[in-house]
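Below is one structure, written out as structure tokens, with a few remarks after it.
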Amino acid sequence: MTIQRTNLSPRTEPERSGEARFSAGFVWGMATASYQIEGAVAEDGRTPSIWDTFSRVPGAVLAGDTGEVACDHYHRMPADVDLLADLGATSYRFSVAWPRVRPDAGPVNPAGLAFYDRLVDELLARDIAPWLTLYHWDLPQVLEDAGGWTNRDTAFRFVDHATAVHDVLGDRVPTWTTLNEPFCSSLLGYAAGHHAPGRQEGAAGLVAAHHLLLAHGLATEELRSRGADRLGLSLNLTVPDPSDQSDPVDVDAARRIDALHNRLFLDPVLRGSYPADLLDDTAHLTWQGAPWTDVVRDGDLATIAAPIDVLGVNYYHGNEVSGHPRTDVVGIGSDQPERVALSPFVGSEHVTFPSRGLPVTDMGWEIQPGGLHRLLRRLHDDYPRLPIYLTETGAAFADRPDERGDVHDPDRIAFLDAYLRAVHRAIEEGVDVRGFFQWSFMDNFEWAFGYAKRFGLVYVDYATQERIPKSSARWYADLARTGILPSPDPTGR
Ligand code: FCB
């Protein structure tokens, strides 16, 4: 697969030309998440998370893969941090496994916390700024057994987790983000059943979203009171374009996706309210015999809107959106490999995502840098302005070592070049984007797709745990060193 520039529609794709220079302080990061890389799921007191349980459900994860060993990062962490330093990362975004910190959501486990304590010291020793995510989807299974994110109490247990981590790392970690992609941990986990815990209960997705947001607000307030001064969260946002701008059914479908994917999270956090149209679209959905919105208590929205200092944006692709049945559809990220997943878009299940002929990655996701540019502009125009960090973007391709053992991935370089040009253009137009975290530092457990999808700058041979930096890793290291995207070469690569 190569990015064929001729295929890109001018409506969505910016020109790819000239040199692009980023400012000296721009953050060049790489990202991972605990369950996707650590392995060692039963060591030093860690107990099961919902992903340990879900990955054992037949058909839930491609090839029956689990995170039991993953990249064995728990045992190889210092060498992995050396590699991060070699590749020029100026910041490293990682997440902390709740079931290590408070196994079974019980008392603090010093042995589990010690791992992150060492990680942070290793990073600082190499001048890499730690960027910490408190929740990247590995909820303790015991909490799920008590209702998981549909249980309001889970939000308060999250504060316990956050304070335990902050007590140990608060003196050395500058940036604290609460949640990674609550869209996925609510709607994909509780409505679609594509992610752990695999529930398919419609309104439960919205209830989970509310409690995740409440957890974010409560933890933000608590950590702020303990002195944290760079707080935020990472939202995965999309850019929905109606198939036919003049067809009210398609326009309505795009509005619905915007509400459920973007504004369900942006509005409460940044404006202190749920979008009125989303409340209308979902008014018929009930939870435990009452309208789902009954779970929203007085004061919750003020808590959720606790001031934050940075906004993390994860963007992979937008979509064309239709309100009509279509068969020419593309991957949206919730296509279950072997088990039937439902639509995550509760109350708007009729919506379809037609292909617009753009090239796609190995996930089936459209390569659409122009969408990123428009998203950044929109955040700047529509919401209170905060420093923005791209906390994830990247691409899966079917990488493999050649006969010399090297891994060449020109498609990933072209992808990152295009997405970074979109960021650069937005910065030139006045949007305050301050950093870019490539997903991912190394190949890892890609949730329901197991080890089949490779997003890394570094190739992982899972049989030997050998790490092989791909050509994109060398390219990214140069970029981190110079801050300059060179003019594309005339062959188009
Ligand atoms: C995001 C997740 C991350 C990774 C990428 C490909 O939704 O945050 O863990 O799986 O997608």
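Numbered by the working numbering, the letters in the sequence shown go through residues 1101 to 1593 in order. Quick reminder that beta carbons are idealized off the backbone N, C-alpha and C, glycines included. In this text the structure is predicted, and so the values were computed from the model without any measurement.
Around the beta carbon of Gln1388, a 10 Å sphere encloses fewer than 16 other beta carbons of the protein chains shown; the residue is thus reported as exposed. Burial is judged here by how many other beta carbons sit within 10 angstroms of a residue's own beta carbon; Gln1345 has fewer than 16 and is exposed. With fewer than 16 other Cβ atoms inside 10 Å of its own Cβ, Val1440 counts as exposed. A residue is called buried when at least 16 other Cβ atoms come within 10 angstroms of its Cβ; Ile1584 does not meet this threshold and is exposed. Distances taken from the Cβ of Tyr1416 to the heavy atoms of ligand 1 include one shorter than 8 Å. Within the same chain, Cβ atoms closer than 8 Å to the Cβ of Leu1224 are found at Pro1230 and Arg1272, the five residues on either side in sequence being excluded. Here the segment 1349 to 1358 lies against the segment 1415 to 1431, with 3 or more beta-carbon pairs under 8 Å apart. Leu1306 is positioned such that its CB atom lies no closer than 9 Å to that of Val1451.
At a threshold of 8 Å, His1236 counts as near ligand 1, since its beta carbon sits closer than that to one of the ligand's heavy atoms.
By a beta-carbon distance limit of 8 Å, Phe1154 contacts Ala1296. Their separation comes to about 3 Å. Taking the Cα of Arg1193 as reference, the smallest distance to any Cα among Ala1211, Arg1176 and Leu1279 is reached at Leu1279.
Cβ-Cβ distances below 6 Å link Val1161 to Ser1155, Ala1548 and Gly1550 in the same chain, with the five nearest sequence neighbours on each side left out; the list follows chain order. For Ala1319, the distance from the CB to the nearest heavy atom of ligand 1 is not below 8 Å. About 13 Å separates the CB atoms of Pro1487 and Leu1370; that is not less than 8 Å, and the two are not in contact.
Proximity to Asp1532 across Gln1538, Trp1539 and His1524 peaks at His1524, based on C-alpha coordinates. Cα atoms of Tyr1489 and Asn1414: separation of roughly 9 Å, rounded to the nearest angstrom. Proximity of the beta carbon of Ser1540 to ligand 1 is indicated: a heavy atom of the ligand is located closer than 8 Å. CA-to-CA, the gap between Gln1136 and Val1351 works out to about 37 Å. Between Leu1333 and Ser1373, the gap from beta carbon to beta carbon reaches 9 Å or more. Linking Gly1302 to Leu1183 through their CA atoms gives a straight-line distance of about 43 Å.
One Cα belongs to Ile1404, the other to Ala1214, and the distance between them is close to 30 Å.
Short note on Gly1494: C-beta closer than 8 Å to some heavy atom of ligand 1. Residue state for Glu1528 is assigned as helix, using DSSP reduced to three classes.
Taking C-alpha positions only, Pro1340 is separated from Val1429 by approximately 14 Å.
Looking only at Pro1459, Gly1139 and Ile1527, the smallest Cα-Cα distance to Arg1477 is reached by Ile1527.
Its Cα nearest to that of Gly1412, the residue Leu1366 stands out among Ala1390, Leu1366 and Glu1449. For Glu1546, the Cβ falls inside the 8 Å cut-off from some heavy atom of ligand 1.
Each residue's CA atom was taken as its position, placing Ala1315 and Glu1546 some 25 Å apart.
The beta-carbon distance between His1236 and Ala1133, rounded to whole angstroms, is 4 Å. This is short enough to meet the 8 Å contact definition. Here the alpha carbon of Val1208 sits roughly 9 Å from the alpha carbon of Asp1260. Using a Cβ-Cβ distance cut-off of 8 Å, the segment 1454 to 1462 and the segment 1375 to 1391 are not in contact, since fewer than three pairs of beta carbons, one from each stretch, lie closer than that value. The beta strand (DSSP E) runs lying completely inside the segment 1285 to 1359 and spanning 3 residues or more are 1331 to 1336 and 1340 to 1342, given in chain order. For Met1130, the pairing in a beta bridge is given by DSSP as Tyr1192 and Gln1538. Shortest gap from the CB of Glu1466 to any heavy atom of ligand 1: 8 Å or more. Annotated as proximal: Leu1475 and Gly1418, with beta-carbon spacing under 9 Å.
If you draw a straight line from the Cα of Gln1565 to the Cα of Glu1168, it comes to about 14 Å.
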